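Report on the following structure.
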Amino acid sequence: MTTYYLDTSITVHALRGTPEAEAWFDRMTADDDARLVSSRILQTELTRVLRRDGQPVLERGVILDHVGLVPVSETILAAAEAIAEHVKTLDAIHLATALLLGTHAVVVSHDTQILRVVAALGLSGIDPLEQG
């Protein structure tokens, strides 16, 4: 089984129907050997995006119904603080959560800065929008 850690950039693309992101998400949710995981902050971030765009908050279920959410803990916050590379706070929390899952997890993002830091942290990363 492959564990895919989703950051907000890719989930927003999937939620908004970007063809490559939506197709990747659909393939992974249909694959019994794929497990989708993210930080609990993903729910908050998707909620804020939908509220900003005047969309029903319940639309986040299209994504969240298929993603296991990891609670934010003191351990994750301490790990986020320890990341030396420059990343925004919520991105550091996402990265720390991915690290908690272990090096077998694949980080899925459309953010080039995140993917650069993912590699620096010794994790694997992919961008479904760049895979075509």
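With the numbering used here as the guide, the letters of the sequence shown map in order to residues 4 to 135. Glycine residues also receive a C-beta, built at the ideal position from the N, C-alpha and C atoms. This one's a predicted model, so the numbers in the text were calculated from it and none came from an experiment.
Just reading off the alpha helix (DSSP H) that residue i is part of, what are its end residues?
| i | result |
| --- | --- |
| Gly57 | Gly57 -> no alpha helix (DSSP H), and no H or E assigned at all. |
| Leu118 | Thr115 to Ala123 |
Helix, strand or coil, according to DSSP, for residue i in the structure here?
| i | result |
| --- | --- |
| Arg38 | strand |
| Thr14 | helix |
| Arg43 | coil |
Can you tell which of the options has the C-alpha that lies nearest to the C-alpha of residue i?
| i | options | result |
| --- | --- | --- |
| Ala81 | Leu126, Ile66 and Leu98 | Leu98 |
| Gln134 | Ala24, Thr6, Met4 and His16 | Ala24 |
| Glu84 | Ala108, Ala122, Leu102 and His69 | Leu102 |
| Arg63 | Thr11, Ile79 and Gly125 | Thr11 |
| Ile44 | His89, Ala108, Ser76 and Gln116 | Ser76 |
| Asp68 | Pro74, Val40 and Leu93 | Val40 |
| Ala122 | Leu61, Ile96, Glu88 and Val15 | Glu88 |
| Tyr7 | Arg38, Pro59, Arg119 and Ile86 | Arg38 |
| Val60 | Asp34, Thr78 and Val15 | Val15 |
In the DSSP assignment, find the unbroken beta strand (DSSP E) run with residue i in it and report its ends.
| i | result |
| --- | --- |
| Leu9 | Thr5 to Leu9 |
| Gly20 | Where Gly20 is concerned, there is no enclosing beta strand (DSSP E), given that its DSSP letter is neither H nor E. |
| Gly128 | Ser127 to Ile129 |
I'd like to know whether the C-beta of residue i is nearer than 8 Å to at least one C-beta of chain D.
| i | result |
| --- | --- |
| Gln116 | You won't find chain D in this structure, because it holds only one protein chain. |
May I have a chain-ordered list of the beta strand (DSSP E) segments no shorter than 3 residues that lie completely inside the stretch 54 to 111? 71 to 73 and 109 to 111
Would you be able to state if there are at least three C-beta pairs under 8 Å between the stretch 109 to 125 and the stretch 44 to 54? no
Contact between the stretch 120 to 134 and the stretch 20 to 40: three or more CB pairs below 8 Å? yes
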